[in-house]
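Asker: Dropping the structure in here first, questions after.
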Amino acid sequence: MMLEDELTVSTRERDEVAVIDLVGDVTTFAEEKINTAYREVTSKGARLVLLNFRQNDYINSAGIAILIGIVTEVNRNHQKLAVSGLSQHFQKIFRMVGLAQYAGIYQDEEEALAGFKSLT
Amino acid sequence: MSVPTSIQTSMELSLPSELGFEVIARDAIAAFARRFGIAADRIEDLKTVLSEACINAIEHGNSLQPELRVQIFCRLENERLIVDVIDHGVVPFVIQGTPLSMVDKIAGLGSLRGMGLMLISQLSDEAGFVAGTGDGNCFRFAFCCQYTNGFGH
Chain A
1 MMLEDELTVS TRERDEVAVI DLVGDVTTFA EEKINTAYRE VTSKGARLVL
51 LNFRQNDYIN SAGIAILIGI VTEVNRNHQK LAVSGLSQHF QKIFRMVGLA
101 QYAGIYQDEE EALAGFKSLT
Chain B
1 MSVPTSIQTS MELSLPSELG FEVIARDAIA AFARRFGIAA DRIEDLKTVL
51 SEACINAIEH GNSLQPELRV QIFCRLENER LIVDVIDHGV VPFVIQGTPL
101 SMVDKIAGLG SLRGMGLMLI SQLSDEAGFV AGTGDGNCFR FAFCCQYTNG
151 FGH
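Taken in sequence, the protein lines are chains A and B.
According to the numbering used here, the first sequence holds residues 1 to 120 in order.
According to the numbering used here, the second sequence holds residues 1 to 153 in order.
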C-alpha cells in the first residue's frame, strides 16, 4: 500500500508568465508531476515562471529538494522564478532554507505578477 | 500556570515505516498540542519538525522496511512538549557535519536532500539523539509551550 499524497499540478499562461499551479501536498511523491510541468512550460519558451501554491498543508524537506532542483534548472535556463500562495509558515520555511535568495516570495498570484512586471 | 492535572498529558503512536504515515502522525500530534492551547504558529512548527523526524526514522533508521515500526512518545512536562521518535536503528544515524548551503546545492556540489535536521533544529527549542532503551535511534525534540488560551500565563 502506498500513501501517496494528492497533488494536482497544472500549467497556464498569464501576462507572459508561465503559472504552475500546485494544489495539495508537496512531498517526494510530487517530483515527477512538478518536473514535468516545469519542462512543459520551459519547452514552450517560458522566461518567467511562477509556482503558485494553493491549499498546501504539507510541504516537507523532500518537497523542498524538488523545488531546489527547479531553481537549479531555472538558473541554467536563465529564467526568473517566483512563488506565491504559501502560508505564513511555509514562507518562513522557504526563507529559512535559503530559497528566497533565488525566487521572489509573494502573498498571492496578483502580487507575483506585479513583481515580475517590475523586473521587465 | 500549569495544565490541569485531570487532563491526560501523554500519548503514544506506532507507525509502519512507509512514507505518508508521517502525515497521520503530524495530524495526531497537532491535535494533541491544540488540546493544551499551544499557539497556532508553534503547532505549525511542531508539525514540520515531527514530519521530518519521522521521515528520518522511516528512511534511515528503518531503511523503508514497512514491517518495522516507528514509535512516537509525546508528553507535556514542565510546560514543555517533549517528543521521542524511535526507530530500529537498521542504519545508526550519523550526522554528516554541516549541511550543504543552498548555494552549494544549486551549484550541484551534493544532494538536494538533507535539510530535515536543519529544519528541526531551527524550528524546535531543542533537538538531538538521546540514549534509548533499545538498539534503535531515539531522536528527541521539545517545544517550550507558548499558550494562546485557557492554559496561558
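Yeah, the Cβ is synthetic: ideal placement off N, Cα and C, and Gly gets one too.
Quick test of your reading: N52 (chain A) and E13 (chain A), contact by CB under 8 Å. State the CB separation rounded to the nearest angstrom.
Answerer: Position 52 of the first sequence holds residue 52 (chain A). Position 13 of the first sequence holds residue 13 (chain A). Not really, about 12 Å apart at Cβ, beyond 8 Å.
Asker: Tell me, please, whether the CB atom of N56 (chain A) is closer than 8 Å to any CB atom in chain B?
Answerer: Working through the first sequence from its first residue, we reach residue 56 (chain A) at position 56. Not closer than 8 Å to any Cβ of chain B, the Cβ of N56 (chain A) fails to qualify, so no.
Asker: Mind pulling the chain B residues with CB within less than 8 Å of E99 (chain A)?
Answerer: Sequence index remark: in the first sequence, residue 99 (chain A) carries index 99 (1-based). It is Leu, not Glu, that sits at residue 99 (chain A) in the sequence shown. Here the neighbours are M102.
Asker: Please check if any C-beta of chain B sits within less than 8 Å of the C-beta of A62 (chain A).
Answerer: In the first sequence, the residue the question calls residue 62 (chain A) occupies position 62. Yes, A62 (chain A) lies at the interface with chain B (some Cβ there is under 8 Å from its Cβ).
Asker: Assign N137 (chain B) to buried or exposed, taking buried as 16 or more other Cβ atoms, counted over all protein chains shown, within 10 Å of its Cβ.
Answerer: For this step, residue 137 (chain B) is matched to residue 137 along the second sequence. The residue in question, N137 (chain B), is buried, as its Cβ has 16 or more Cβ neighbours within 10 Å.
Asker: Confirm, please, whether the CB-CB distance from V85 (chain B) to A53 (chain B) is below 8 Å.
Answerer: Stepping through the second sequence from its first residue, residue 53 (chain B) is reached at position 53. Stepping through the second sequence from its first residue, residue 85 (chain B) is reached at position 85. A contact, by the Cβ cut-off of 8 Å.
Asker: Would L109 (chain B) and T48 (chain B) be called neighbours here (beta carbons separated by less than 8 Å)?
Answerer: Counted from its first residue, the second sequence places residue 109 (chain B) at position 109. Counted from its first residue, the second sequence places residue 48 (chain B) at position 48. For L109 (chain B) and T48 (chain B), no; Cβs fall outside 8 Å.
Asker: I121 (chain A) and V9 (chain A) look like a contact to me (Cβ under 8 Å); what is the Cβ gap, rounded to whole Å?
Answerer: Missing from the structure shown is residue 121 (chain A); chain A here goes from 1 to 120 and no further.
Asker: Check whether the Cβ atoms of G104 (chain A) and A114 (chain A) lie closer than 8 Å to each other.
Answerer: By 1-based counting over the first sequence, the position of residue 104 (chain A) is 104. By 1-based counting over the first sequence, the position of residue 114 (chain A) is 114. Their beta carbons are not under 8 Å apart, which means G104 (chain A) does not touch A114 (chain A) by this criterion.
Asker: Taking the continuous alpha helix (DSSP H) assigned at L67 (chain A), which residues delimit it?
Answerer: The sequence position of residue 67 (chain A) within the first sequence is 67, counting from 1. Where L67 (chain A) is concerned, the enclosing alpha helix (DSSP H) stretches over 61 to 76.
Asker: Helix, strand or coil for A100 (chain A)? Go by DSSP, reduced to three states.
Answerer: For this step, residue 100 (chain A) is matched to residue 100 along the first sequence. If DSSP states are grouped into helix, strand and coil, A100 (chain A) belongs with the helices.
Asker: Can you find a CB in chain B that lies within less than 8 Å of the CB of Y102 (chain A)?
Answerer: Numbered from 1 along the first sequence, position 102 holds the residue referred to as residue 102 (chain A). Closer than 8 Å to some Cβ of chain B, the Cβ of Y102 (chain A) qualifies, so yes.
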